[in-house]
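*Asks:* Take a look at the following structure, please.
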Amino acid sequence: MASCISNCVCLFGWNIGKNKTSDHKPQPNYHNLHLPFPSSLLTKTFLNGKELKCCYKASLDGFSATSFHECSDFKGPCVIIGYTNNSFKFGAFNPEGYRSTDDYYDTFDAFLFYWADDEKQDPIVLPKVGGSGAALFDYARGGPQFGADGLLIGPPLAPVMGGFAGPDTNSGVGDLTQARSRLGLSYAKRADGKESLFGDESKVSLEEVLVFCCPQIASLY
Numbered sequence: 001m002a003s004c005i006s007n008c009v010c011l012f013g014w015n016i017g018k019n020k021t022s023d024h025k026p027q028p029n030y031h032n033l034h035l036p037f038p039s040s041l042l043t044k045t046f047l048n049g050k051e052l053k054c055c056y057k058a059s060l061d062g063f064s065a066t067s068f069h070e071c072s073d074f075k076g077p078c079v080i081i082g083y084t085n086n087s088f089k090f091g092a093f094n095p096e097g098y099r100s101t102d103d104y105y106d107t108f109d110a111f112l113f114y115w116a117d118d119e120k121q122d123p124i125v126l127p128k129v130g131g132s133g134a135a136l137f138d139y140a141r142g143g144p145q146f147g148a149d150g151l152l153i154g155p156p157l158a159p160v161m162g163g164f165a166g167p168d169t170n171s172g173v174g175d176l177t178q179a180r181s182r183l184g185l186s187y188a189k190r191a192d193g194k195e196s197l198f199g200d201e202s203k204v205s206l207e208e209v210l211v212f213c214c215p216q217i218a219s220l221y
């Protein structure tokens, strides 16, 4: 009988009397950075008053969408900050977080923002417009995407909806050094009326992308 029990444990992998520490997920690595945005930006969000840390720094972790998701998935609501190669600073708030679902989410709580020439001023917020539909996209092979065209950082290089990209999840991975924006359909136009988050340019090259999340929330996943 003892032999039968032993065989069952072996066959089915029951953890009877075994140390379960091996089941613990690895602790996330956070970069020691000061918040590059005022805390007042998040006053009306779920992150209001919570400690935030940088879970993704593209210049260190890698600019591929794969690296982005390895560092940012299952961290809860987050703030994305980007810097162009012309030192233009912008960002976005994702109330849903990332999970590589290859799906989209409806919400009025997401928003974009940017700084005018004087970064000492508070950033200018661009809210969701045109209804709550398709405010966020969470492509496993792409970086942050807000609306169909509001802000795309490192979009997938191959179609992902409907399985057209095939079984190789490493193909068509987005490059987060590239970003594009068109405002007016999914997110409000800039205060100066320009139809790109970046001003006169619809496409830009990025030298840094940061993601800030709440470690307390991330620990719940």
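Residue 129 in UniProt numbering sits at position 129 of the sequence shown, and the numbers go up by one each step.
Positions of the beta carbon are idealized from the N, C-alpha and C atoms, including for glycine.
Here the structure is a predicted model, which means the values were calculated and not measured.
Would you call G49 buried or exposed, if buried means 16 or more other Cβ atoms sit within 10 Å of its Cβ?
*Replies:* Sequence index remark: in the sequence shown, residue 49 carries index 49 (1-based). Counting Cβ neighbours within 10 Å, G49 comes out exposed, since fewer than 16 surround it.
*Asks:* Which of helix, strand or coil does DSSP assign to C71?
*Replies:* Within the sequence shown, the letter at position 71 stands for residue 71. Three-state result, C71: helix.
*Asks:* Restricting to runs no shorter than 3 residues, where is the beta strand (DSSP E) found entirely within the region 95 to 173?
*Replies:* Counting whole runs of 3 or more residues, the region 95 to 173 contains the beta strand (DSSP E) stretches 103 to 105, 111 to 114, 124 to 127, 136 to 138, 151 to 153.
*Asks:* Per DSSP, which one or two residues make a beta bridge with K57?
*Replies:* Here residue 57 refers to the residue found at position 57 when the sequence shown is read from its first residue. The partner list for K57 (beta bridge, DSSP) reads L210.
*Asks:* List the whole-angstrom C-beta distance separating G150 from S181, where the pair is believed to meet the contact cut-off of C-beta under 8 Å.
*Replies:* What you label residue 150 is simply residue 150 of the sequence shown in a count that begins at 1. What you label residue 181 is simply residue 181 of the sequence shown in a count that begins at 1. Rounded, the Cβ-Cβ distance is 7 Å, consistent with contact.
*Asks:* Count the other CB atoms within 10 Å of the CB of G172; is the residue buried (16 or more) or exposed (fewer)?
*Replies:* In the sequence shown, residue 172 corresponds to position 172, counting from 1. With 16 or more other Cβ atoms within 10 Å, it is buried.
*Asks:* Just to confirm, are S72 and V211 a CB contact at a threshold of 7 Å?
*Replies:* Start at 1 with the first residue of the sequence shown, and residue 72 comes out as number 72. Start at 1 with the first residue of the sequence shown, and residue 211 comes out as number 211. In this structure, S72 lies near V211, with their beta-carbon atoms less than 7 Å apart.
*Asks:* Checking 7 Å against the spacing of the C-beta atoms, do G130 and L197 come in under that value?
*Replies:* The sequence position of residue 130 within the sequence shown is 130, counting from 1. The sequence position of residue 197 within the sequence shown is 197, counting from 1. In this structure, L197 does not lie closer than 7 Å to G130 by Cβ.
*Asks:* Just the C-alpha distance for V183 and L42, rounded to the nearest angstrom, thanks.
*Replies:* The count along the sequence shown starts at 1 and reaches residue 183 at position 183. The count along the sequence shown starts at 1 and reaches residue 42 at position 42. Reading off the sequence, residue 183 comes out as Leu, not Val. Their Cα atoms are separated by approximately 22 Å.
*Asks:* Which same chain residues, not among the five before or five after F90, have their C-beta less than 6 Å away from its C-beta?
*Replies:* Start at 1 with the first residue of the sequence shown, and residue 90 comes out as number 90. Counting only Cβ-Cβ distances below 6 Å, and skipping sequence neighbours, we find G82, Y114, L197.
*Asks:* Taking the DSSP output, what are the residues bridged to F93?
*Replies:* Here the question's residue 93 lines up with position 93 in the sequence shown. DSSP, once it has assigned bridges, lists V79, F111 as partnering F93.
*Asks:* Between G193 and A65, is the Cβ-Cβ spacing less than 7 Å?
*Replies:* For this step, residue 193 is matched to residue 193 along the sequence shown. For this step, residue 65 is matched to residue 65 along the sequence shown. Taking 7 Å as the Cβ cut-off, G193 and A65 do not qualify as a contacting pair.
*Asks:* Have a look at Q27 and K189 and give me their C-alpha separation to the nearest angstrom.
*Replies:* In the sequence shown, the residue the question calls residue 27 occupies position 27. In the sequence shown, the residue the question calls residue 189 occupies position 189. Distance from the CA of Q27 to the CA of K189, rounded to the nearest whole angstrom, comes to 40 Å.
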